[in-house]
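Residue numbers (the working numbering): 20 to 196. Working notes, beginning with the structure itself.
Right, here's the structure in full:
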């Protein structure tokens, strides 16, 4: 979505031409609860013409594809134990097969997305500073788990958590949420 009707709110090189209050009104067309359900909020700026044809060192699509496949396999293996019945009773409600981090419920989240005390402190600070909801906290932890899977690490590290918090861009005050 555009950051405002003219498209230049927070733009690095062009000034927003919207009248005061228009940006807030525009941003509030999408409700906070809806934004809570979107895992990644990323502000994208235009790429200068000179950079469009630049040669850069980066992973090829095939390398990235292999990393994603490996992360998805890691997730499928992690959630094998959660497949089947939800309780020990044979009459228990069957649980659908879980194969990725986004499908975790709260109980699984507590088991699979553990962070250390320093991470808990960082997450609490982010929640307070950005006035995040419990749902946003869960999304951050799930994204952190996915970033750790892509990095091929068993534990969610501080850099994974920090990156996931950074993806809550539209929760920040300068966007009006």
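We treat Cβ as the ideally placed atom computed from N, Cα and C, and that holds for glycine. These numbers come from a predicted model, not from an experiment.
Give the secondary structure of residue i by DSSP, where H, G and I count as helix, E and B as strand, and everything else as coil.
{"i": "residue 179", "result": "helix"}
{"i": "residue 91", "result": "helix"}
{"i": "residue 187", "result": "strand"}
{"i": "residue 84", "result": "helix"}
Please report how far the alpha carbon of residue i lies from the alpha carbon of residue j, in whole angstroms.
{"i": "residue 144", "j": "residue 161", "result": "18 Å"}
{"i": "residue 180", "j": "residue 66", "result": "27 Å"}
{"i": "residue 28", "j": "residue 174", "result": "38 Å"}
{"i": "residue 116", "j": "residue 139", "result": "29 Å"}
{"i": "residue 170", "j": "residue 89", "result": "10 Å"}
{"i": "residue 124", "j": "residue 152", "result": "16 Å"}
{"i": "residue 70", "j": "residue 76", "result": "13 Å"}
Under 8 Å Cβ to Cβ from residue i, same chain only, skipping five residues before and after it: list those, please.
{"i": "residue 64", "result": "30, 31"}
{"i": "residue 118", "result": "91, 94, 95, 98"}
{"i": "residue 128", "result": "157, 160, 161"}
{"i": "residue 134", "result": "142, 160, 163, 175, 180"}
{"i": "residue 26", "result": "none"}
Identify, in the order they occur along the chain, each residue of the same chain with its Cβ nearer than 7 Å to the Cβ of residue i, setting aside the five sequence neighbours on each side.
{"i": "residue 121", "result": "161"}
{"i": "residue 137", "result": "177"}
{"i": "residue 33", "result": "27"}
{"i": "residue 182", "result": "166"}
Among the options, which residue has its Cα nearest to the Cα of residue i?
{"i": "residue 87", "options": "33, 166, 147, 73", "result": "166"}
{"i": "residue 38", "options": "125, 23, 140, 71", "result": "23"}
{"i": "residue 148", "options": "116, 123, 187", "result": "187"}
{"i": "residue 146", "options": "184, 126, 178, 171", "result": "184"}
{"i": "residue 130", "options": "101, 52, 35, 171", "result": "101"}
{"i": "residue 49", "options": "132, 21, 73", "result": "21"}
Got a sec? Which residues, its chain only, sit under 6 Å from residue i by beta carbon, not counting five neighbours each side?
{"i": "residue 154", "result": "55"}
I'd like to know if the segment 52-71 and the segment 82-89 are in contact, where contact means that at least 3 CB-CB pairs between them fall below 8 Å.
no
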